[in-house]
Amino acid sequence: MELIKTKSLIEKIWWAIPPVVVVLFITMRRTFWEMTHFNRPLHSFVSLYEKNTLTLLHFHFFDFWGAIVTLSAIAFMSIGYYLSRKKSVAMRIAAPTITAIIGYYVSAVLISLLVFMY
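Mind the numbering: the sequence shown is residues 10 to 127 in my numbering, read in order.
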């Protein structure tokens, strides 16, 4: 009975899972990179994760290039939602997540090339 309730809950909120996973994944990756690159101790993880999350949100909502990266990730996520319609719940969660992460990195690379060319 509990499994059925969990499955019905996931069916209701499946569309909200990919954006959360994308934001947490990108922030987590940056935090791990900073911890290994600057040889930070393990107890500094929470403060670094918080700093990276706030920096990432500020970049994506208050910077012109960040807004373009965000819109690109949203567009790729929308393509993932469209491609995974009428599929299983796992595919409806995985496809938008993967396409959004790909869109984020593709647009970040393109913008980096564009900005550094000038």
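Beta carbons: idealized from backbone N, C-alpha and C, even for Gly.
message: Along the chain, where does the alpha helix (DSSP H) containing P105 start, and where does it finish?
response: V98 to M126
- prompt: If you draw a straight line from the C-alpha of S53 to the C-alpha of E43, how long is it?
  reply: 11 Å
- request: Decide if the stretch 82-93 is in contact with the stretch 60-67; the criterion is three or more beta carbon pairs, one per stretch, under 8 Å apart.
  value: no
- request: Can you tell me the Cβ-Cβ gap for A117 and V78, rounded? I've got them flagged as a contact below 8 Å.
  value: 5 Å
- request: Would you decide whether H69 is buried or exposed? Buried here means 16 or more other CB atoms lie within 10 Å of its CB.
  value: buried
message: Between which residues of its own chain and Y93 is the CB-CB distance below 6 Å, once the five residues before and five after are set aside?
response: Rather than Tyr, the amino acid found at residue 93 in this sequence is Ser. The answer, listed in chain order, is M100, R101 and A104.
- prompt: On the three-pair Cβ rule with 8 Å, is the stretch 17-24 touching the stretch 36-51?
  reply: no
query: DSSP three-state call for R39: helix, strand or coil?
result: helix
task: Using the Cα positions of L65 and F125, report the straight-line distance between them to the nearest angstrom.
output: 20 Å
query: Nearest to S97 by CA position, among I19, T45, K14 and L12, is which residue?
result: I19
field: Rounded straight-line distance, which links the Cα of R49 to that of V31
entry: 24 Å
message: Just to confirm before moving on: does the CB-CB distance between W74 and I120 stay below 8 Å?
response: yes
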